[in-house]
Amino acid sequence: MTRYALAVDVGGTKMEAALVAEDGRLLPGSRSRQPTGRDATFESLDAAVVAIVEHALAALPADAELVGAGIGSAGPVDRSLGAIMPVNMPLARGFVLEEAVRAAASTVLGGDVRTVLGHDGGALALAESWLGATQGAGASLSIVVSTGVGGGFVANGAYIPGATGNAGHLGQVRREGGLTLEEIASGPASAAWAQQQGWTGATGEDLARDAAAGDPLARAAIERSAREVGEALADAATLVDLDVVAIGGGFSRVSSDYIDLVQQALTASAAHEYSRRTRVVRSGLGDEGPLIGAAALVLR
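Each residue of the sequence shown is one higher than the one before, counting from 1 in full-length UniProt numbering.
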(Lines of atoms letter the chains of each structure in order from A and count residues from 1; the text may use other names and numbers.)
(Lines give C-alpha, C1' and ligand atoms only; values in the text may rest on other atoms or scores of the structure.)
Protein backbone atom coordinates (compact mmCIF):
# COMPACT_ATOMS: atom_id res chain seq x y z
CA MET A 1 0.00 0.00 0.00
CA THR A 2 1.46 3.36 -1.05
CA ARG A 3 1.42 6.12 1.55
CA TYR A 4 0.47 9.62 0.40
CA ALA A 5 0.33 13.05 1.96
CA LEU A 6 -1.99 15.84 0.94
CA ALA A 7 0.32 18.80 0.28
CA VAL A 8 -0.94 22.39 0.31
CA ASP A 9 1.22 25.40 -0.57
CA VAL A 10 -0.14 28.92 0.00
CA GLY A 11 1.61 31.96 -1.45
CA GLY A 12 0.98 35.59 -2.18
CA THR A 13 -0.41 35.00 -5.69
CA LYS A 14 -1.73 31.42 -5.63
CA MET A 15 -2.35 28.33 -3.55
CA GLU A 16 -1.81 24.78 -4.77
CA ALA A 17 -2.48 21.25 -3.58
CA ALA A 18 -1.43 17.80 -4.72
CA LEU A 19 -0.96 14.29 -3.42
CA VAL A 20 2.67 13.39 -2.80
CA ALA A 21 3.84 9.79 -2.39
CA GLU A 22 6.24 8.66 0.33
CA ASP A 23 9.09 8.76 -2.20
CA GLY A 24 8.40 12.43 -2.99
CA ARG A 25 6.65 11.97 -6.34
CA LEU A 26 3.56 14.04 -7.11
CA LEU A 27 0.58 11.91 -8.13
CA PRO A 28 -0.34 12.82 -11.73
CA GLY A 29 -3.72 14.49 -11.99
CA SER A 30 -3.88 15.52 -8.34
CA ARG A 31 -2.36 18.99 -8.65
CA SER A 32 -4.45 22.16 -9.01
CA ARG A 33 -4.28 25.82 -8.05
CA GLN A 34 -6.45 28.77 -7.12
CA PRO A 35 -5.55 32.48 -7.05
CA THR A 36 -4.89 34.37 -3.81
CA GLY A 37 -3.51 37.96 -4.05
CA ARG A 38 -3.48 41.08 -1.89
CA ASP A 39 -7.29 41.18 -1.92
CA ALA A 40 -7.64 37.63 -0.55
CA THR A 41 -10.06 37.36 2.38
CA PHE A 42 -10.97 34.62 4.86
CA GLU A 43 -13.91 33.71 2.65
CA SER A 44 -11.95 33.57 -0.62
CA LEU A 45 -9.15 31.54 0.96
CA ASP A 46 -11.60 29.10 2.50
CA ALA A 47 -13.30 28.55 -0.87
CA ALA A 48 -9.92 28.08 -2.56
CA VAL A 49 -8.85 25.53 0.05
CA VAL A 50 -12.01 23.51 -0.49
CA ALA A 51 -11.53 23.53 -4.29
CA ILE A 52 -7.90 22.37 -4.32
CA VAL A 53 -8.31 19.83 -1.52
CA GLU A 54 -11.34 18.25 -3.19
CA HIS A 55 -9.48 18.08 -6.51
CA ALA A 56 -6.41 16.42 -4.95
CA LEU A 57 -8.29 13.87 -2.87
CA ALA A 58 -10.44 12.86 -5.84
CA ALA A 59 -7.26 11.35 -7.29
CA LEU A 60 -6.40 9.28 -4.18
CA PRO A 61 -6.13 5.61 -5.23
CA ALA A 62 -8.60 3.31 -3.55
CA ASP A 63 -5.87 1.16 -2.01
CA ALA A 64 -3.69 4.08 -0.81
CA GLU A 65 -3.14 5.34 2.72
CA LEU A 66 -3.38 9.09 3.39
CA VAL A 67 -1.03 9.78 6.30
CA GLY A 68 -2.06 13.41 6.73
CA ALA A 69 -1.98 16.89 5.27
CA GLY A 70 1.09 19.12 5.27
CA ILE A 71 0.75 22.86 4.67
CA GLY A 72 3.45 25.35 3.77
CA SER A 73 2.31 28.96 3.83
CA ALA A 74 3.66 32.42 3.26
CA GLY A 75 4.25 33.89 6.66
CA PRO A 76 4.59 34.74 9.33
CA VAL A 77 2.69 31.75 10.68
CA ASP A 78 1.50 30.84 14.16
CA ARG A 79 1.85 27.09 14.54
CA SER A 80 0.22 27.09 17.97
CA LEU A 81 -3.00 28.49 16.49
CA GLY A 82 -2.64 27.01 13.00
CA ALA A 83 -3.05 30.54 11.64
CA ILE A 84 -1.25 32.74 9.09
CA MET A 85 -0.36 36.43 9.09
CA PRO A 86 0.90 36.78 5.50
CA VAL A 87 2.75 39.96 4.61
CA ASN A 88 1.42 39.95 1.04
CA MET A 89 -2.23 39.18 1.97
CA PRO A 90 -3.14 41.80 4.60
CA LEU A 91 -6.86 40.95 4.66
CA ALA A 92 -6.04 37.32 5.46
CA ARG A 93 -4.17 37.99 8.70
CA GLY A 94 -5.37 35.53 11.33
CA PHE A 95 -6.88 33.05 8.87
CA VAL A 96 -6.81 29.63 10.55
CA LEU A 97 -5.42 27.78 7.55
CA GLU A 98 -4.65 24.53 9.33
CA GLU A 99 -8.26 24.07 10.42
CA ALA A 100 -9.55 25.03 6.95
CA VAL A 101 -7.45 22.29 5.35
CA ARG A 102 -8.33 19.76 8.04
CA ALA A 103 -12.04 20.47 7.68
CA ALA A 104 -11.99 20.25 3.88
CA ALA A 105 -10.01 17.00 3.85
CA SER A 106 -12.04 15.44 6.66
CA THR A 107 -15.28 16.26 4.87
CA VAL A 108 -14.08 14.50 1.71
CA LEU A 109 -12.71 11.43 3.50
CA GLY A 110 -15.31 11.12 6.23
CA GLY A 111 -12.83 11.10 9.11
CA ASP A 112 -10.33 13.33 10.89
CA VAL A 113 -7.12 14.05 8.95
CA ARG A 114 -3.87 14.81 10.76
CA THR A 115 -2.71 18.27 9.64
CA VAL A 116 0.62 20.08 10.14
CA LEU A 117 1.26 23.76 9.30
CA GLY A 118 4.71 25.17 8.56
CA HIS A 119 6.26 28.29 7.07
CA ASP A 120 6.67 27.86 3.29
CA GLY A 121 10.38 28.59 3.47
CA GLY A 122 10.85 25.87 6.06
CA ALA A 123 8.88 23.42 3.94
CA LEU A 124 11.05 24.19 0.94
CA ALA A 125 14.20 23.75 3.03
CA LEU A 126 12.99 20.34 4.17
CA ALA A 127 12.25 19.30 0.57
CA GLU A 128 15.67 20.41 -0.68
CA SER A 129 17.37 18.53 2.15
CA TRP A 130 15.32 15.40 1.47
CA LEU A 131 15.46 15.19 -2.33
CA GLY A 132 17.01 18.37 -3.69
CA ALA A 133 20.15 20.46 -3.84
CA THR A 134 21.11 20.45 -0.13
CA GLN A 135 21.10 16.70 0.49
CA GLY A 136 23.84 15.68 2.90
CA ALA A 137 24.57 19.20 4.14
CA GLY A 138 25.22 19.63 7.83
CA ALA A 139 23.50 23.03 7.85
CA SER A 140 21.61 24.57 4.94
CA LEU A 141 19.29 27.43 4.11
CA SER A 142 16.83 27.29 1.24
CA ILE A 143 15.20 30.49 0.02
CA VAL A 144 12.69 31.65 -2.55
CA VAL A 145 13.10 34.91 -4.46
CA SER A 146 9.78 35.61 -6.15
CA THR A 147 6.80 37.84 -5.31
CA GLY A 148 8.26 37.70 -1.81
CA VAL A 149 11.48 36.45 -0.26
CA GLY A 150 11.34 33.64 2.29
CA GLY A 151 13.52 30.85 3.60
CA GLY A 152 14.07 28.04 6.05
CA PHE A 153 16.85 26.16 7.82
CA VAL A 154 17.70 22.46 8.02
CA ALA A 155 20.45 21.04 10.26
CA ASN A 156 21.57 17.40 9.94
CA GLY A 157 18.42 16.58 7.98
CA ALA A 158 16.00 18.09 10.51
CA TYR A 159 13.81 21.11 9.83
CA ILE A 160 14.48 23.92 12.33
CA PRO A 161 11.16 25.74 12.81
CA GLY A 162 12.19 28.07 15.63
CA ALA A 163 9.95 29.02 18.53
CA THR A 164 6.86 29.86 16.44
CA GLY A 165 7.64 28.20 13.09
CA ASN A 166 9.17 31.24 11.38
CA ALA A 167 12.92 30.55 11.46
CA GLY A 168 14.59 31.51 8.19
CA HIS A 169 12.24 34.40 7.34
CA LEU A 170 15.11 36.09 5.50
CA GLY A 171 12.91 38.42 3.47
CA GLN A 172 11.95 40.40 6.57
CA VAL A 173 15.48 41.25 7.75
CA ARG A 174 16.27 44.97 7.55
CA ARG A 175 18.73 46.27 5.02
CA GLU A 176 20.20 49.70 4.31
CA GLY A 177 17.66 52.51 4.56
CA GLY A 178 15.37 50.50 6.82
CA LEU A 179 13.79 48.52 4.00
CA THR A 180 13.41 44.77 4.29
CA LEU A 181 15.25 42.48 1.90
CA GLU A 182 11.89 41.62 0.31
CA GLU A 183 11.16 45.31 -0.27
CA ILE A 184 14.44 45.61 -2.18
CA ALA A 185 15.12 42.29 -3.90
CA SER A 186 11.80 40.61 -4.76
CA GLY A 187 10.52 40.59 -8.33
CA PRO A 188 7.92 43.36 -7.86
CA ALA A 189 10.35 45.50 -5.83
CA SER A 190 13.06 45.15 -8.47
CA ALA A 191 10.66 46.13 -11.25
CA ALA A 192 9.46 49.14 -9.22
CA TRP A 193 13.05 50.28 -8.61
CA ALA A 194 13.87 50.02 -12.32
CA GLN A 195 10.78 52.09 -13.15
CA GLN A 196 11.99 54.79 -10.76
CA GLN A 197 15.23 54.91 -12.78
CA GLY A 198 13.31 55.43 -16.03
CA TRP A 199 12.73 51.87 -17.22
CA THR A 200 9.39 51.45 -19.01
CA GLY A 201 8.60 47.78 -18.31
CA ALA A 202 6.26 46.46 -15.64
CA THR A 203 7.12 42.96 -14.36
CA GLY A 204 9.94 40.62 -13.49
CA GLU A 205 9.35 38.86 -16.80
CA ASP A 206 9.85 42.21 -18.56
CA LEU A 207 13.10 42.73 -16.66
CA ALA A 208 14.35 39.34 -17.80
CA ARG A 209 13.48 40.07 -21.43
CA ASP A 210 14.93 43.57 -21.47
CA ALA A 211 18.11 42.63 -19.62
CA ALA A 212 18.72 39.81 -22.09
CA ALA A 213 18.31 42.36 -24.90
CA GLY A 214 20.94 44.63 -23.34
CA ASP A 215 18.84 47.19 -21.43
CA PRO A 216 21.21 48.63 -18.77
CA LEU A 217 18.45 49.61 -16.32
CA ALA A 218 16.87 46.16 -16.37
CA ARG A 219 20.29 44.60 -15.85
CA ALA A 220 21.05 47.01 -13.00
CA ALA A 221 17.83 45.99 -11.22
CA ILE A 222 18.76 42.31 -11.48
CA GLU A 223 22.28 42.95 -10.19
CA ARG A 224 20.90 45.04 -7.32
CA SER A 225 18.57 42.23 -6.27
CA ALA A 226 21.31 39.59 -6.41
CA ARG A 227 23.74 41.79 -4.50
CA GLU A 228 21.25 42.44 -1.69
CA VAL A 229 20.35 38.76 -1.46
CA GLY A 230 24.01 37.75 -1.40
CA GLU A 231 24.89 40.25 1.33
CA ALA A 232 21.95 39.11 3.48
CA LEU A 233 23.03 35.51 2.97
CA ALA A 234 26.57 36.41 4.02
CA ASP A 235 25.17 37.58 7.35
CA ALA A 236 23.08 34.42 7.68
CA ALA A 237 26.09 32.23 6.87
CA THR A 238 28.19 34.04 9.46
CA LEU A 239 25.48 33.68 12.09
CA VAL A 240 24.48 30.05 11.46
CA ASP A 241 27.62 28.57 9.79
CA LEU A 242 26.00 27.23 6.63
CA ASP A 243 27.37 24.66 4.20
CA VAL A 244 25.08 25.57 1.34
CA VAL A 245 22.20 27.83 0.32
CA ALA A 246 19.68 26.71 -2.32
CA ILE A 247 17.75 29.41 -4.18
CA GLY A 248 14.47 28.92 -6.01
CA GLY A 249 11.49 31.02 -7.00
CA GLY A 250 10.52 32.71 -10.24
CA PHE A 251 12.68 35.81 -9.90
CA SER A 252 15.79 33.72 -9.23
CA ARG A 253 15.51 32.70 -12.90
CA VAL A 254 15.41 36.32 -14.14
CA SER A 255 18.90 35.86 -15.61
CA SER A 256 21.07 32.83 -16.25
CA ASP A 257 23.77 34.18 -13.93
CA TYR A 258 21.56 35.26 -10.99
CA ILE A 259 22.86 32.48 -8.73
CA ASP A 260 26.46 33.34 -9.68
CA LEU A 261 25.83 37.00 -8.85
CA VAL A 262 24.45 36.04 -5.43
CA GLN A 263 27.47 33.83 -4.76
CA GLN A 264 29.85 36.64 -5.68
CA ALA A 265 28.10 39.06 -3.31
CA LEU A 266 28.06 36.53 -0.47
CA THR A 267 31.75 35.73 -0.86
CA ALA A 268 32.71 39.40 -1.06
CA SER A 269 30.62 40.39 1.96
CA ALA A 270 31.01 37.49 4.41
CA ALA A 271 33.03 38.41 7.48
CA HIS A 272 35.00 35.18 8.03
CA GLU A 273 36.61 32.39 6.07
CA TYR A 274 34.05 29.81 7.19
CA SER A 275 31.15 31.94 5.97
CA ARG A 276 32.92 32.79 2.71
CA ARG A 277 33.00 29.04 2.01
CA THR A 278 29.20 28.83 1.93
CA ARG A 279 28.06 27.65 -1.49
CA VAL A 280 25.07 29.08 -3.33
CA VAL A 281 23.26 26.68 -5.67
CA ARG A 282 20.04 26.62 -7.63
CA SER A 283 17.09 24.75 -6.12
CA GLY A 284 17.04 21.16 -7.26
CA LEU A 285 13.28 20.66 -7.24
CA GLY A 286 11.86 23.43 -9.42
CA ASP A 287 8.26 24.41 -8.88
CA GLU A 288 7.41 21.09 -7.20
CA GLY A 289 9.67 21.89 -4.24
CA PRO A 290 7.09 23.74 -2.09
CA LEU A 291 4.56 20.91 -2.44
CA ILE A 292 7.15 18.22 -1.75
CA GLY A 293 8.22 20.16 1.31
CA ALA A 294 4.67 20.56 2.58
CA ALA A 295 4.17 16.81 2.21
CA ALA A 296 7.44 16.17 4.04
CA LEU A 297 5.99 17.87 7.12
CA VAL A 298 3.89 14.74 7.62
CA LEU A 299 5.88 12.14 5.67
CA ARG A 300 9.29 12.71 7.26
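Glycine included, every Cβ here is placed at the ideal spot set by N, Cα and C.
If you're wondering where the values come from, they're calculated on a predicted model, not measured in any experiment.
| Check | Outcome |
| --- | --- |
| From ARG227, PRO76, ALA133, pick the residue whose C-alpha is nearest to that of GLY293; which is it? | ALA133 |
| Which term fits THR200, buried or exposed, when burial requires 16 or more other beta carbons within 10 angstroms of its beta carbon? | exposed |
| When you compare only the Cα positions, how much space is there between GLU98 and ILE71? | 7 Å |
| Which residue's Cα is closest to the Cα of ARG31: PHE42, GLU54, SER80? | GLU54 |
| Grab the span of the beta strand (DSSP E) containing LEU26 for me, first residue to last. | Looking at the DSSP string, LEU26 is not in any beta strand (DSSP E), and its letter there is neither H nor E. |
| Smallest Cα separation from ARG38: which of VAL87, VAL154, ASP120, GLY286? | VAL87 |
| Since VAL101 is in the beta strand (DSSP E), which residue starts that stretch and which ends it? | VAL101 -> not in any beta strand (DSSP E); alpha helix (DSSP H) instead, spanning 97–109. |
| Using only the alpha-carbon positions, how far apart do SER269 and GLU183 sit? | 20 Å |
| Is ALA7 helix, strand or coil when you go by DSSP? | strand |
| Just to check my reading of the structure: LEU124 and LEU66 have Cβ atoms closer than 8 Å, yes? What is that Cβ distance to the nearest angstrom? | With 8 Å as the limit, LEU124 and LEU66 do not qualify as a contact, their Cβ atoms being about 22 Å apart. |
| Have a look at ALA265 and THR115 and give me their C-alpha separation to the nearest angstrom. | 39 Å |
| By how many angstroms is the C-alpha of ARG282 removed from the C-alpha of GLN263? | 11 Å |
| Give a yes or no on whether the C-beta atoms belonging to VAL49 and ALA100 are separated by under 8 Å. | yes |
| Quick check: the stretch 188–199 against the stretch 150–165, are at least 3 beta-carbon pairs closer than 8 Å? | no |
| Would you kindly work out how many angstroms separate the C-alpha atoms of residue 322 and GLY250, rounded to a whole number? | In the structure displayed, the chain extends from 1 to 300; residue 322 sits before or after that span and is not available. |
| Given VAL173, which residues of its chain have a CB within under 7 Å of its CB, disregarding the five upstream and five downstream residues? | THR180, LEU181, ALA232 |
| Between which two residues does the alpha helix (DSSP H) carrying THR238 extend? | 216–240 |
| When the Cα of ASP287 is compared with those of THR267, ASP257, GLU128, ALA69, which residue comes out closest? | GLU128 |
| Based on DSSP bridge pairs, tell me the residues matched to HIS119. | SER73 |
| Output the distance between the C-alpha atoms of ALA3 and TRP130, rounded to the nearest integer angstrom. | One detail in the question is off: residue 3 reads as Arg in this sequence, not Ala. Going from the Cα of ARG3 to the Cα of TRP130 covers about 17 Å. |
| Given that a residue counts as buried once 16 or more other Cβ atoms are within 10 Å of its Cβ, and exposed if not, what is ASN166? | buried |
| Using C-beta distances below 7 Å, list every residue in its chain close to LEU81, excluding the 5 sequence neighbours before and after it, in chain order. | VAL96 |
| Using DSSP with H/G/I as helix, E/B as strand and the rest coil, what is PRO90? | helix |
| Only counting runs of 4 or more residues, tell me where the alpha helix (DSSP H) segments fall wholly within the stretch 118–165, in order along the chain. | 120–131 |
| Please name the residue or residues paired with GLN34 in a DSSP beta bridge. | MET15 |
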